[in-house]
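Here the numbering used here is used: position 168 in the sequence shown is 319, and no number is missing along the way.
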Amino acid sequence: MSYPTALFNKWSRWLGRIENEQLRDLLINRHIFKQFQECTAPHVGTHQGAELAEWMVQNYIAFAATAIRRMIERPKKSWKSISLRILLEDMAANDTVLTRQRYRSLYKNPVASRFTDRDFNTITRSKTASHLSATRIRRDIREIENACAPVERLVNKVVGHTEEDRRKIGKIRYGQIDRAIFLRRPSSGTRSSSTAACRTRWCR
């Protein structure tokens, strides 16, 4: 087995575990919580079921925040973890295999192959790029860090520990959690390009 093939096989395994063990339950819980919000909206401002509602909100925020924190776990030498952040770091370290030529080879169907270069251009944000560069991937990692920063701070200072001065933390907003879940840029609403690459056939 060639080195590039071994890398893609590893990334495919990692992505499968990220989706099945980290992302899926997060999306399901978010969907259920949104339904809960719709059901309780008529009762906002009343005391009817207030304690139960507060308990459910606390549980959702704690679960969602820790799940997001798990997905942005940084690489550590002390133990081997799998996370979206670690996957992207590994892709950046091996960006020479993320070539346009390999991406084209994934599309065997003549109809689908027409869109190969268009999709690759979208991922790299360049019509002339020969590969997805480490610079592009690391830029996406920084954007992911920025999107997840309020949630990570909540986990580190409130969920996992007790901050002496809670005023330093501020209140988390549902929109901040949603932004971290979907990893979208607030300005354009688009996904990070290397995150999109993970979701294509590239890591399959």
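Glycine is no exception: its CB is placed at the ideal position from the N, C-alpha and C atoms.
Around the C-beta of residue i, are 16 or more other C-beta atoms found within 10 angstroms, so that it is buried, or is it exposed?
i: I332; result: buried
i: V306; result: buried
i: N171; result: exposed
i: V195; result: exposed
i: R324; result: exposed
i: I328; result: buried
i: F159; result: buried
i: P226; result: exposed
i: R181; result: buried
i: Y211; result: buried
i: A266; result: Reading off the sequence, residue 266 comes out as Phe, not Ala. Exposed is the call here.
Kindly give me the distance between the Cβ atoms of residue i and residue j, rounded to whole angstroms, as I take these residues to be in contact under 8 angstroms.
i: S277; j: D246; result: Actually they are not in contact, since the Cβ atoms of S277 and D246 sit about 13 angstroms apart, beyond 8 angstroms.
i: R221; j: Q173; result: 6 angstroms
i: A218; j: D268; result: Rounded, the Cβ-Cβ distance is 35 angstroms, inconsistent with contact.
i: E169; j: S234; result: According to the sequence provided, residue 169 is Ile. The question's Glu does not apply to it. Right, their Cβ atoms sit about 7 angstroms apart.
i: C385; j: I183; result: Coverage of the chain is limited to positions 152 through 355, which leaves residue 385 absent and any answer about it impossible.
Kindly indicate the opening and closing residues of the alpha helix (DSSP H) around residue i.
i: A204; result: A201 to M222
i: M242; result: L235 to A244
i: G326; result: Y325 to F333
i: P226; result: Unbroken run through P226: none, as it is neither H nor E.
i: L174; result: Taken as a continuous stretch (DSSP letters only), L174 belongs to no alpha helix (DSSP H), as it is neither H nor E.
So, helix, strand or coil for residue i, using DSSP?
i: H267; result: At residue 267 the sequence reads Thr, which differs from the His that was named. Helix.
i: H282; result: strand
i: T313; result: coil
i: T247; result: helix
i: N260; result: coil
i: Q276; result: The sequence shown places Arg at residue 276, not Gln. Reduced to three states, the DSSP call for R276 is coil.
i: S163; result: helix
i: V302; result: helix
i: T197; result: coil
i: I183; result: helix
i: K231; result: coil
i: K308; result: helix
If you pair each beta-carbon of the segment 308-328 with each one of the segment 256-275, do three or more pairs fall below 8 angstroms?
-> Flag = no, the segment 308-328 and the segment 256-275 do not touch.
* Asked: Touch check for the segment 188-203 and the segment 285-304: three-plus C-beta pairs under 8 angstroms?
  -> With a cut-off of 8 angstroms, the segment 285-304 and the segment 188-203 do not count as touching, because too few Cβ pairs lie within range.
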